[in-house]
Amino acid sequence: MSLQLYNSLTRRVEAFEPLDPARPTMYVCGPTVYNYVHIGNARGPVVFGVLADLLRRRYGTVAYARNITDVDDKINAAAREQQVPISAITDRFAQAYRDDMGALGVRLPDIEPTATGHIPHMIAMIQRLIASGHAYAAEGHVLFSVASFDGYGKLSRRDRDEMLAGARVEVAPYKRDPGDFVLWKPSGDDLPGWDSPWGRGRPGWHIECSAMAEAHLGETIDIHAGGVDLQFPHHENEIAQSECAHGGKPFARFWLHNGMLNFGGAKMSKSLGNIEKVHDLVRAHPPEALRYALLSAHYRQPLEWSDALIEQSVRTLDRLYGTLRDLADVPAEARIPEAVEAMLDDDLGTPQVLAELARIAAEARKATGDADRSRLKSDLLGAGLALGLLQQSPADWFARGASGDDDARIQSLVDERSAAKKARDFARADAIRDQLAAEGILLEDTPAGVRWRRA
Numbered sequence: 065m066s067l068q069l070y071n072s073l074t075r076r077v078e079a080f081e082p083l084d085p086a087r088p089t090m091y092v093c094g095p096t097v098y099n100y101v102h103i104g105n106a107r108g109p110v111v112f113g114v115l116a117d118l119l120r121r122r123y124g125t126v127a128y129a130r131n132i133t134d135v136d137d138k139i140n141a142a143a144r145e146q147q148v149p150i151s152a153i154t155d156r157f158a159q160a161y162r163d164d165m166g167a168l169g170v171r172l173p174d175i176e177p178t179a180t181g182h183i184p185h186m187i188a189m190i191q192r193l194i195a196s197g198h199a200y201a202a203e204g205h206v207l208f209s210v211a212s213f214d215g216y217g218k219l220s221r222r223d224r225d226e227m228l229a230g231a232r233v234e235v236a237p238y239k240r241d242p243g244d245f246v247l248w249k250p251s252g253d254d255l256p257g258w259d260s261p262w263g264r265g266r267p268g269w270h271i272e273c274s275a276m277a278e279a280h281l282g283e284t285i286d287i288h289a290g291g292v293d294l295q296f297p298h299h300e301n302e303i304a305q306s307e308c309a310h311g312g313k314p315f316a317r318f319w320l321h322n323g324m325l326n327f328g329g330a331k332m333s334k335s336l337g338n339i340e341k342v343h344d345l346v347r348a349h350p351p352e353a354l355r356y357a358l359l360s361a362h363y364r365q366p367l368e369w370s371d372a373l374i375e376q377s378v379r380t381l382d383r384l385y386g387t388l389r390d391l392a393d394v395p396a397e398a399r400i401p402e403a404v405e406a407m408l409d410d411d412l413g414t415p416q417v418l419a420e421l422a423r424i425a426a427e428a429r430k431a432t433g434d435a436d437r438s439r440l441k442s443d444l445l446g447a448g449l450a451l452g453l454l455q456q457s458p459a460d461w462f463a464r465g466a467s468g469d470d471d472a473r474i475q476s477l478v479d480e481r482s483a484a485k486k487a488r489d490f491a492r493a494d495a496i497r498d499q500l501a502a503e504g505i506l507l508e509d510t511p512a513g514v515r516w517r518r519a
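Sequential numbering from 65 applies to the sequence shown in this note's numbering.
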């Protein structure tokens, strides 16, 4: 089966083949680095990192770019508040982002362009847009003329009124049309700025990604990915300015969009304040469990984030690592099963792969023959490898938090099991017993109550 991906541009699943099999290209919108990112911002890097690995296995290589937006009004505001240069803000939080994504098992992209490193590319692209009649200068600004591009709206498929409302457009006297968007804007002495043909200023957000993608991946890229919240206006504007700057050539052949994380019944967002920062979560929970949770729903669907989801992911990984610990003396080499590759070929079916992991582990626990146990262990490690899971040793997984805090957690579970048995909730009691057993915790009934010890 060939790789099939849902293309947001055509609204259908299509067979994917790169323009150049020797160099598939993919661009993923990265962070604006003015603070720690929330867990919703990690879903794209996790999921599209799985896709990048799949492309590497299929084609031997991939040119995968994920940018850093390091010039932005929010960055300017943070720098002004702290009375430091913007680089003091962006350097700190760009590295924090790399560290936090690394904790989640997200590999660095092949290319990590920064906006400030591509100002000349942006100016050159804007000049081409002006020369071809798709942009105009006005009062120190340069704006893209949406009326000049017949294809405007083809990605989001919104009508004009919807687009104007969705973009929260700024009403300004220098605009020819309310929907026109900024490519370049002037900077006063108190703001970062660069010299340009239109005076000292800084780029608009949308032109940054177009220029960085062009510089590193060419005029037409195979895959452009990001959160569904970026579909309009950001991705719509990228298409308009890129295709007009490139004489009408397609900007991206496939558009992939991951669904949002919901938290407390609403979309997770900084504006609503209902966020959980990755920086905090990876210190409070096993990072691999967070990765598992992010892969537990299909990437295009919303995902309800909760403590219960994290706890369930921890328990599931306890069982999987417990299986590997039981097979510690069995020789094996990670081998991605064909069934798992087929599930990923079907528009990145990560929930199906997780179900397959559970099935393989259950079969491995029942297997008795040496050949079967070795085969199943290899399959289990390989299926985990396809999702970036099960790559640490069982000892390291179960040693997490082996401290007084962990002792208190275990005792709390033991107490909860005793209370469940007293309440005749035997299903819950058995579930806790199984969880503790998977962690290598042995329970012993004594006249003084239940005692526990590590195996």
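Here a beta-carbon is modelled for each residue, glycine too, at the ideal position from N, C-alpha and C.
Return helix, strand or coil for residue i, following the three-state DSSP convention.
i, result
"V514", "strand"
"L69", "strand"
"P256", "coil"
"K249", "strand"
"F157", "helix"
"W262", "coil"
"G108", "helix"
"G124", "coil"
"T180", "helix"
"T380", "helix"
What residue from the options has the CA that sits closest to residue i's CA?
i, options, result
"A526", "S209, W258 and D214", "Beyond the ends of the chain as shown, which are 65 and 519, falls residue 526; an answer cannot be given."
"S72", "P250, A289, D253 and V246", "A289"
"P173", "F112, G265, I400 and V246", "F112"
"A459", "A435, G504 and A426", "G504"
"A392", "R383, A403, E375 and S457", "S457"
"E193", "W248, P82, P256 and A277", "Reading off the sequence shown, one finds Leu at residue 193, where the question assumed Glu. Out of W248, P82, P256 and A277, W248 has the C-alpha closest to the C-alpha of L193."
"H182", "K341, K218, P109 and A275", "A275"
"C273", "G513, T380, G104 and T178", "T178"
"G311", "Q147, D137 and F213", "F213"
"F296", "V92, S220, Q365 and I175", "S220"
"A9", "E508, E203 and R266", "Nothing about residue 9 can be reported from this structure: the residues present for the chain run from 65 to 519 only."
"D136", "V292, I287 and G265", "G265"
Considering only the beta carbon of each residue, do residue i and residue j sit closer than 7 Å?
i, j, result
"A39", "I271", "The structure shown does not extend to residue 39, since the chain is modelled only from 65 to 519, so the question has no answer here."
"L345", "A357", "no"
"A484", "A493", "yes"
"I520", "V97", "Outside the displayed span of the chain (65 to 519) sits residue 520, for which this structure offers no information."
"A141", "V126", "no"
"P95", "Y200", "no"
"G448", "L440", "no"
"A304", "Y216", "yes"
"G446", "I400", "yes"
"I55", "V206", "Because the chain spans 65 through 519 in this model, residue 55 falls outside it and cannot be assessed."
"A279", "H362", "no"
"A158", "V342", "no"
"M65", "D409", "yes"
"T387", "R355", "no"
Quickly, what does DSSP pair residue i with across the bridge? List them, please.
i, result
"K341", "H102"
"F327", "A330 and W369"
"V77", "Y70"
"M165", "Answer is none; M165 lacks a bridge partner."
"T96", "T133"
"G291", "N322"
"P267", "W248"
"A316", "I285"
"D509", "V514"
With 7 Å as the threshold, decide whether the Cβ of residue i is near any Cβ in chain D.
i, result
"P297", "No chain D is present in this structure, which holds just one protein chain."
**Prompt:** Quick one: complete alpha helix (DSSP H) runs, 4+ long, within the stretch 443 to 500?
**Reply:** 458 to 462 and 468 to 486
**Ordered list of beta strand (DSSP E) runs contained in the stretch 185 to 222, each at least 3 residues** = 199 to 202 and 205 to 208
**Asked** Whole alpha helix (DSSP H) runs in the stretch 387 to 427 with 4 or more residues, listed along the chain?
**Response** 402 to 409
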